[in-house]
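There are 2 protein chains.
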Amino acid sequence: MSRRDKGAILVLSGPSGAGKSTIISAASGQIGMYYFSISTTTREPRVGEVDGKDYFFVSKESFEEDIKAGNFLEYAEVHGNYYGTSLTPVNSALEEGKLVIFDIDVQGHRLVRAKMNDITTSAFITPPTLRELESRLRTRCTDTEEVILNRLKNAKEEIEALNEYDFTIINDSLEEAAEEFVIVAKAARLKYSQETEEKFIAQWLA
Amino acid sequence: MSRRDKGAILVLSGPSGAGKSTIISAASGQIGMYYFSISTTTREPRVGEVDGKDYFFVSKESFEEDIKAGNFLEYAEVHGNYYGTSLTPVNSALEEGKLVIFDIDVQGHRLVRAKMNDITTSAFITPPTLRELESRLRTRCTDTEEVILNRLKNAKEEIEALNEYDFTIINDSLEEAAEEFVIVAKAARLKYSQETEEKFIAQWLA
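Order-wise, the sequence lines are chains R and A.
First residue of the first sequence? That's 301 in our numbering, and the numbers climb one at a time after it.
First residue of the second sequence? That's 301 in our numbering, and the numbers climb one at a time after it.
Listed below in structure tokens is the structure:
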């Protein structure tokens, strides 16, 4: 802890279309060494998706073996496909002192909190209104009507969990949202694991 | 919450001699509008202490009336004297959208958490070691031997509560500590009250 033995975790949640990726890109030069966690999934890659960049694409058998072996920090089954966060790259990044950034949903946040609360900071990133979210989803033209309606439905449910997050970032201006994200990412590094704190206290008293 | 209806609270704890006041002074130009909470006490003013700056000095009767009226956010009796945080100036500052900064002990932090958890962020500020703390207390030559030993005894107890705080700031370099304090103070403003969040969600869905 002089100043830091290990990394820390920053969980970002918020509706698809909130601008999380854009904010991270805009801020990436100002938040130090970080690892953006890539999810593992059993669903088929979509056109343009790259293994190891968008997702780690694996077979259902492989995923289920890793579940049994306790290799997932969190996972969920959605429409018959598994999605999860493999512990191996997360632990490597933490050992290297990096800030591990997760883009996961409300349920995933709860599971990370349950397992690694001591080093976790979280922020909910949201467009200013549901209407604005709908307008952004329609403008980007990447989703079918069915997908858009599903995203809006999920967003309505997820916004209710706002109070479970340490901080809220309202993305009405990319510049301000990126500034706020930098603050939260820097603050996240001032959170130390229980192990690190215990070591620090022992050395402190010596 | 566009972007902020009310203020927020930042609790700072840590041993006397950790450099809290120096850090706040060094950072004060970079953290926006804030109100540094002044405690109320029934003890006699010491030489050089100013009413309304160092403390609000009041009578024991007045203090006990305010306790009964529920006018304290937190209070404690120490060696026959009361020390507490009056709610009135805190609420005014919050209404004005200010960041309210408290320099209170571990017990005070617990009481603030119990009452205003939703808008509270906290940081424990500490010198790098107990020895360094002792050396600083002796160098500043403001305390008697008895007071120094008492401060060290308290510090040994308080450091054990490190894990109750959101963030840890190790003051081994004033410049770095002030930078870290600015980050924490800015992050604290991204925490919204339950009331503000509920209002935001209602408007968000509308």
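Ideal Cβ positions, reconstructed from N, Cα and C, are used throughout, including at glycine.
Around the Cβ of proline 345(A), a 10 Å sphere holds fewer than 16 other Cβ atoms; the residue is exposed. In this chain, the alpha helix (DSSP H) harbouring asparagine 450(A) covers 445–458. Taking a contact as a CB-CB distance under 8 Å, the pair threonine 385(A) and phenylalanine 402(A) counts as one, their CB atoms being some 7 Å apart. Membership of isoleucine 331(R) in any beta strand (DSSP E) is not indicated, and neither H nor E is assigned to it by DSSP. In the structure shown, the three-state DSSP call for asparagine 381(A) is strand. If one requires a minimum length of 4 residues, the alpha helix (DSSP H) runs lying completely within the region 392–427 of chain R are 406–416, in chain order. Residue contact with chain R for phenylalanine 402(A): absent (no Cβ-Cβ distance below 8 Å to any residue of chain R). Phe467(A) is the residue among Phe467(A), Phe481(A), Thr429(A) and Glu434(A) whose C-alpha sits nearest the C-alpha of serine 422(A). Rounded to whole angstroms, the separation of the alpha carbons of tyrosine 375(A) and phenylalanine 357(A) is 14 Å. For leucine 474(A), the enclosing alpha helix (DSSP H) starts and ends at 474–488.
In its chain, beyond the 5 residues on either side, Leu474 and Ala478 have a beta carbon closer than 7 Å to the beta carbon of alanine 326(R).
DSSP places serine 313(A) in the strand class (E or B) of the three-state scheme. Only exposed fits leucine 505(R), as fewer than 16 other CB atoms lie within 10 angstroms of its CB. Linking phenylalanine 336(A) to arginine 343(A) through their CA atoms gives a straight-line distance of about 20 Å. Glutamate 377(A) counts as exposed, since fewer than 16 other beta carbons sit within 10 angstroms of its beta carbon. Our two residues, lysine 368(R) and lysine 360(R), have alpha carbons roughly 12 Å apart in a direct line. Proximity of chain R to leucine 462(A) at the Cβ level (cut-off 7 Å) is accounted for by Glu497 and Ile501, in chain order.
Threonine 429(A) carries a coil assignment under DSSP once its states are collapsed to helix, strand and coil.
By the neighbour-count definition (other C-beta atoms within 10 Å, threshold 16), lysine 398(A) is a buried residue. Ranked by Cα distance from alanine 393(A), the first of Thr340(A), Ile469(A) and Tyr334(A) is Tyr334(A). Among the residues facing chain A, threonine 341(R) is not included, as its CB has no counterpart in that chain under 8 Å away.
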